[in-house]
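Below is one structure; the comments refer to it alone.
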Amino acid sequence: MSAREAILNKVRSSLGTAPSDAARAETVAKRLADAPAGVIPARGQLADKERVALFCEMAEKVSATIDRVKKPADVPKAVSTYLRARNLPASVRMGADERLRAMPWSGVKSLEVKSGRADPEDEVGVSHALAGVAESGTIALHSGTDNPTTVNFLPEHHIVVVDAKDIAGDLETVLSGLRQRFGKGKMPRTLNLITGPSRSADIQQTLLLGAHGPRALHLIVINGG
Amino acid sequence: MQISSPAFKTNARGALADPHLQEALGHVRSGFIDKRQKAVDALPEFDALRESARAIKDHTLAHLDLYLEAYEEKVKASGGHVHWAETAADARSVILDICRAVGARTVTKGKSMITEEIGLNEFFEKEGIRPVETDLGEYIIQLRGEHPSHIIAPAVHLTRDQVEADFRRAHNHLPPTRDLTEPASLLSEAREVLRAQYFAADVGITGANFLVAETGSSIIVTNEGNGDLTQILPRVHIVVASIEKIVPTLADASQILRVLARSATGQEMSVYTTVSTGPRRPEDPDGPDEYHVVLLDNGRSSMLGTEFQDMLRCIRCGACMNHCPIYHAVGGHAYGWVYPGPMGAVLTPSLIGVDKAGHLPNASTFCGRCEAVCPMHIPLPKMMRHWREREFARGLNPATQRYGLKAWAFFARRPRLYRLAASFAIPALSAFGGARRRFRYLPFAGGWTRHRDLPAPESRTFLQQWRDRETRKQEART
Amino acid sequence: MRQETLKRPRVGLFVTCLVDLFRPTVGFASVKLLEEAGCEVEVPMAQTCCGQPAYNSGDREDTIAIATNTIKTFEEYDYIVAPSGSCAGMLRKHYPALFKDHAWEARAAAFSAKVHELMSFLVDVMGVDAVSAAREGNVTYHDSCSGLRELGIREQPRRLLGSVLGLKLKELKDSDVCCGFGGTFCVKYPDISNKIVEEKAANIQASGADTLLAGDLGCLMNMAGKLQRQGADIEVRHVAEVLAGMDDGPAIGGGER
Ligand code: SF4
Numbered sequence: 021m022s023a024r025e026a027i028l029n030k031v032r033s034s035l036g037t038a039p040s041d042a043a044r045a046e047t048v049a050k051r052l053a054d055a056p057a058g059v060i061p062a063r064g065q066l067a068d069k070e071r072v073a074l075f076c077e078m079a080e081k082v083s084a085t086i087d088r089v090k091k092p093a094d095v096p097k098a099v100s101t102y103l104r105a106r107n108l109p110a111s112v113r114m115g116a117d118e119r120l121r122a123m124p125w126s127g128v129k130s131l132e133v134k135s136g137r138a139d140p141e142d143e144v145g146v147s148h149a150l151a152g153v154a155e156s157g158t159i160a161l162h163s164g165t166d167n168p169t170t171v172n173f174l175p176e177h178h179i180v181v182v183d184a185k186d187i188a189g190d191l192e193t194v195l196s197g198l199r200q201r202f203g204k205g206k207m208p209r210t211l212n213l214i215t216g217p218s219r220s221a222d223i224q225q226t227l228l229l230g231a232h233g234p235r236a237l238h239l240i241v242i243n244g245g
Numbered sequence: 082m083q084i085s086s087p088a089f090k091t092n093a094r095g096a097l098a099d100p101h102l103q104e105a106l107g108h109v110r111s112g113f114i115d116k117r118q119k120a121v122d123a124l125p126e127f128d129a130l131r132e133s134a135r136a137i138k139d140h141t142l143a144h145l146d147l148y149l150e151a152y153e154e155k156v157k158a159s160g161g162h163v164h165w166a167e168t169a170a171d172a173r174s175v176i177l178d179i180c181r182a183v184g185a186r187t188v189t190k191g192k193s194m195i196t197e198e199i200g201l202n203e204f205f206e207k208e209g210i211r212p213v214e215t216d217l218g219e220y221i222i223q224l225r226g227e228h229p230s231h232i233i234a235p236a237v238h239l240t241r242d243q244v245e246a247d248f249r250r251a252h253n254h255l256p257p258t259r260d261l262t263e264p265a266s267l268l269s270e271a272r273e274v275l276r277a278q279y280f281a282a283d284v285g286i287t288g289a290n291f292l293v294a295e296t297g298s299s300i301i302v303t304n305e306g307n308g309d310l311t312q313i314l315p316r317v318h319i320v321v322a323s324i325e326k327i328v329p330t331l332a333d334a335s336q337i338l339r340v341l342a343r344s345a346t347g348q349e350m351s352v353y354t355t356v357s358t359g360p361r362r363p364e365d366p367d368g369p370d371e372y373h374v375v376l377l378d379n380g381r382s383s384m385l386g387t388e389f390q391d392m393l394r395c396i397r398c399g400a401c402m403n404h405c406p407i408y409h410a411v412g413g414h415a416y417g418w419v420y421p422g423p424m425g426a427v428l429t430p431s432l433i434g435v436d437k438a439g440h441l442p443n444a445s446t447f448c449g450r451c452e453a454v455c456p457m458h459i460p461l462p463k464m465m466r467h468w469r470e471r472e473f474a475r476g477l478n479p480a481t482q483r484y485g486l487k488a489w490a491f492f493a494r495r496p497r498l499y500r501l502a503a504s505f506a507i508p509a510l511s512a513f514g515g516a517r518r519r520f521r522y523l524p525f526a527g528g529w530t531r532h533r534d535l536p537a538p539e540s541r542t543f544l545q546q547w548r549d550r551e552t553r554k555q556e557a558r559t
Numbered sequence: 281m282r283q284e285t286l287k288r289p290r291v292g293l294f295v296t297c298l299v300d301l302f303r304p305t306v307g308f309a310s311v312k313l314l315e316e317a318g319c320e321v322e323v324p325m326a327q328t329c330c331g332q333p334a335y336n337s338g339d340r341e342d343t344i345a346i347a348t349n350t351i352k353t354f355e356e357y358d359y360i361v362a363p364s365g366s367c368a369g370m371l372r373k374h375y376p377a378l379f380k381d382h383a384w385e386a387r388a389a390a391f392s393a394k395v396h397e398l399m400s401f402l403v404d405v406m407g408v409d410a411v412s413a414a415r416e417g418n419v420t421y422h423d424s425c426s427g428l429r430e431l432g433i434r435e436q437p438r439r440l441l442g443s444v445l446g447l448k449l450k451e452l453k454d455s456d457v458c459c460g461f462g463g464t465f466c467v468k469y470p471d472i473s474n475k476i477v478e479e480k481a482a483n484i485q486a487s488g489a490d491t492l493l494a495g496d497l498g499c500l501m502n503m504a505g506k507l508q509r510q511g512a513d514i515e516v517r518h519v520a521e522v523l524a525g526m527d528d529g530p531a532i533g534g535g536e537r
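Protein chains in written order, with this note's numbering: chain S, 21 to 245; chain Y, 82 to 559; chain D, 281 to 537.
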């Protein structure tokens, strides 16, 4: 008997059920198909403006920094302002995201934009978020050529562009958006839900930012208004 | 790992006498409790979410075989591999085979209690593979050759000074004159040292907080980002998880995530919640080429259908130990195996046997604080009592305790004898207490009087006095 | 007048073995408080102990024998009241679990539903919100675990203490943390128990109170024993003694130094 059979048999005998029990199988199939939502906190269920405001507030609470710009074309300048304010080299790493690529990067003098996955020398990464979650100030990013996962973790500074219209009230809304994009039951290789910059409290319970991932998470919110 | 649970009492005595440990434990008492309370208070739906989380796990456990099958199918569909392991040894050899197949020499590891449970690091070292723990706390204790003393804060038993000393000893390629007084400088140094390891590793191993049947995904929750670098940089990502980590859907995982971080560290959400599904896709610029899941049973299946089934709802948040007066007093190592605190006191006897871990469910005052904070509503004291019942039934507890208890129960079962004996003994004991009205020492009560005085009985028993009073009343009336 | 006497609830006082043997004053104080609240109080002689030591040691057989005796002795009353959160918790919360699938299941459940801890009975059932006692000074209050977490007793004793003339309540830091007693725990693991009660004693001393009160004699004896071993000048009493104005005799373990 394979280990698989042995374990499944033991589970069944402990539960006192038979593999042929059709009612159980149906219950499980239905639950997987319906994926019922549970309790959704009221906190994020707000009108557009308030929802974006809550997202920013929650993100700042966990030490992310926020910049709000009017339109996508304003992003490159905002990035360059961020770099200068922190004395960072004028070089960023970025994937192939069309929304990012459509922005006027050449309008910012002497800013180098490197493409592809991140490497250890990169100090700043720029990504475009799939979505934001207002209830917790979380951003969602997924793997692929558009926004390689290494960009989320290797650079010391991670700048993430979030479109206000992609900010949802709760996590479940973002996950069902993902289901629509990739198909039911299918997922990209990696989905990152990121809430603030990397941190650790492992040394004497002292909270420190920048453990292994980015020391700084900077969110540029395009509010379109 | 060596089991020292039978020596719990000795371990505890050592822990109480260790000034570094006691200083560090002071930080546990102050660190976690207020933060959790604040986070709970800030979310009006917290209790409703606890109920929801509990119901999800109960449903899953009742259909575990089916969800495991559904999960496996989805992992395969996304290009991953599932390996089933009945025991710790089986899991180790499956993992070794995967590592050998890619000629792995260095393996990075995200924080995972399950690999502690199967003793993976010691095993790797014996097999000539270098395991590198990447979570800061895990890294520190690996340098010290220790094991975690807490399930989410593995190095919580150490002070800053001790960490500095370890870094100076281990990182001897760095200038000895460097300044490491600030915790931040210790963190930067660890970050530098570990960066190189991520790139050197052939295989990255993580645990899982959840396995999602709907999508075949594994989910890890971390704050440092080490679990992510561990899984996206090496060629192979191995997830080691026990079978009860399954949840039906992503929506279900979301429910439990909301209570997990709040209960663990008082965060609304941990920094990184990462959902991993299969290996990298052909067009992906990064991510592992291979994705393996090792599904470990190691005793869980036999907890199903017993009075210990509820323990399988545990999401390893650590709230129970953060609120436990026993844990606060002695720390995690005294428990003598992988899982400390109240959850360990219930789980450990299931996994290594109550004959070895018998002290753990006994070393509790049943104060109930663990159950009150457990996000999954696990009745921890009740299950500790079940272990005591099993021990009692097998005659495993010490003879002196049994006889003492039996002698007391003899009287408690017989009201007349109880009153008679008490009416002689109590006034005598009361008189013996003298003018001080308490004892500094009393034979047979050494456990009590070693550390505190024993108040003497006031006078005659209440029942004696009451009966006299009633008799007098009766006489007055007639 | 006669009508009223008839309506008075009949309360069986479960005095608890510790109070019976060590601190009868708490029993008399309980009777007084219950009578003042309008109850007719009886103390059945056939009572012994709630069975918790056996129950918590895993000895189900003895526990059931003891519990059977308790139920038989008390089930005729309208209410069963105990001056202890721990014992009341045992009778109210654990008896039903103990008799699950047992011939006495329904009988145990009916009994348990009538059990109350003294403070919560006075406030929640009898609607008492003030007592007529007086005591000058600062007291602090420890929330014993079972009472707090099994029975939700927190506000009731504080409400009643608030009505005691001249009394000031100084809240105790970590008043909801265990004192380290834990029944047989304190003699099975004396070193750990000691560490816990040391913390408790430090908080009690830091509260600035001259008197420590609580609702469970086991915890009180533990904390009193520690404070006295440390030579602290703090009186320790059951909360009922103060509320009943029966607090002029020697405190728990309190005699000459
Ligand atoms: S038993 Fe409950 S509180 Fe303890 S770790 Fe598990 S889920 Fe958390």
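Where is the CB? At the ideal position from N, CA and C, for every residue including glycine. For clarity, every value in this text was computed on a predicted model and none was experimentally measured.
- Under the Cβ distance rule, Ile472 of chain D counts among the residues neighbouring chain Y, one pair being separated by less than 8 Å.
- Annotated three-state conformation of Pro536 of chain Y is strand, per DSSP.
- Secondary structure of Ala494 of chain D (DSSP, three-state): strand.
- Burial check for Pro369 of chain Y: the Cβ neighbour count within 10 Å reaches 16 or more, so the residue is buried.
- Scanning Y:Ala410, Y:His140, Y:Ala166, Y:Lys155 for the CA closest to the CA of Ser298 of chain Y turns up Y:Lys155.
- The segment 85-103 of chain S and the segment 121-132 of chain S touch, with three or more beta-carbon pairs separated by less than 8 Å.
- Closest in alpha carbon position to Thr491 of chain D, among D:Ile514, D:Arg509, D:Pro470, is D:Ile514.
- In the DSSP assignment, Ala414 of chain D is bridged to D:Leu445.
- Residue contact with chain S for Pro264 of chain Y: present (Cβ-Cβ distance below 8 Å to some residue of chain S).
- Taken through DSSP and simplified to helix, strand or coil, Phe291 of chain Y comes out as strand.
- Taking 7 Å as the cut-off, the C-beta of Ser344 of chain Y counts as close to a heavy atom of ligand 1.
- Judged by DSSP secondary structure, Val435 of chain Y falls outside any beta strand (DSSP E) and instead within the alpha helix (DSSP H) spanning 435-438.
- A Cβ-Cβ separation of about 6 Å places Ser220 of chain S in contact with Leu228 of chain S under the 8 Å criterion.
- For Ala400 of chain Y, the shortest separation between its Cβ and any heavy atom of ligand 1 lies below 7 Å.
- In the three-state scheme derived from DSSP, where H, G and I count as helix and E and B as strand, Asp128 of chain Y is classed as helix.
- At a beta-carbon threshold of 7 Å, the residues of chain D lying near Tyr499 of chain Y are Thr328, ordered along the chain.
- Two segments are said to touch when three or more pairs of C-beta atoms, one from each, lie closer than 8 Å; by this definition the segment 503-520 of chain Y does not touch the segment 342-361 of chain D.
- Under DSSP, His404 of chain Y shares a beta bridge with no residue.
- Beyond the five residues adjoining it in sequence on each side, Arg343 of chain Y comes within less than 8 Å, by CB distance, of Arg117, Ala120, Val121, Leu124, Phe127, Glu349, Pro456 in the same chain, given in chain order.
- In this structure, the straight-line span from the alpha carbon of Thr354 of chain Y to that of Gly439 of chain Y is close to 37 Å.
- Annotation: Leu267 of chain Y has no Cβ neighbours in chain D at a cutoff of 8 Å; minimum Cβ distance is about 29 Å.
- If you keep only unbroken beta strand (DSSP E) runs of at least 3 residues inside the segment 291-341 of chain D, you get 320-322.
- Secondary structure remark: continuous beta strand (DSSP E) runs of at least 3 residues inside the segment 341-386 of chain Y, in chain order: 353-357, 371-377.
- DSSP places Glu325 of chain Y in no beta strand (DSSP E); its state is neither H nor E.
- Cβ neighbours of Leu402 of chain D within its own chain (closer than 8 Å, five residues either side excluded): Leu313, Leu314, Ala317, Val408, Gln436, Leu440.
- Ranked by Cα distance from Val516 of chain D, the first of D:Pro530, D:Ala524, D:Gly525 is D:Pro530.
- A Cβ-Cβ separation of about 4 Å places Thr158 of chain S in contact with Thr215 of chain S under the 8 Å criterion.
- Phe461 of chain D counts as buried, since at least 16 other C-beta atoms from the protein chains shown sit within 10 angstroms of its C-beta.
- Taking a contact to require three or more Cβ pairs closer than 8 Å, the segment 162-174 of chain Y and the segment 412-425 of chain Y do not qualify as touching.
- Taking 4 residues as the shortest admissible run, the segment 90-141 of chain Y contains the following complete alpha helix (DSSP H) segments, listed from N- to C-terminal end: 100-122.
- The segment 104-119 of chain S makes no contact with the segment 77-84 of chain S; the number of CB pairs closer than 8 Å stays below 3.
- Three or more beta-carbon pairs separated by less than 8 Å link the segment 89-107 of chain Y to the segment 400-418 of chain Y, which places the two stretches in contact.
- Interface flag for Leu224 of chain Y against chain S is unset, since no Cβ pair is found closer than 8 Å.
- Using a 10 angstroms sphere on the CB of Ser163 of chain S, the tally of other CB atoms reaches 16 or more, which defines it as buried.
- Within a 10 Å sphere around the beta-carbon of His254 of chain Y sit fewer than 16 other beta-carbons, which makes this residue exposed.
- Chain D places no beta carbon closer than 8 Å to that of Pro508 of chain Y, leaving this residue out of the contacts.
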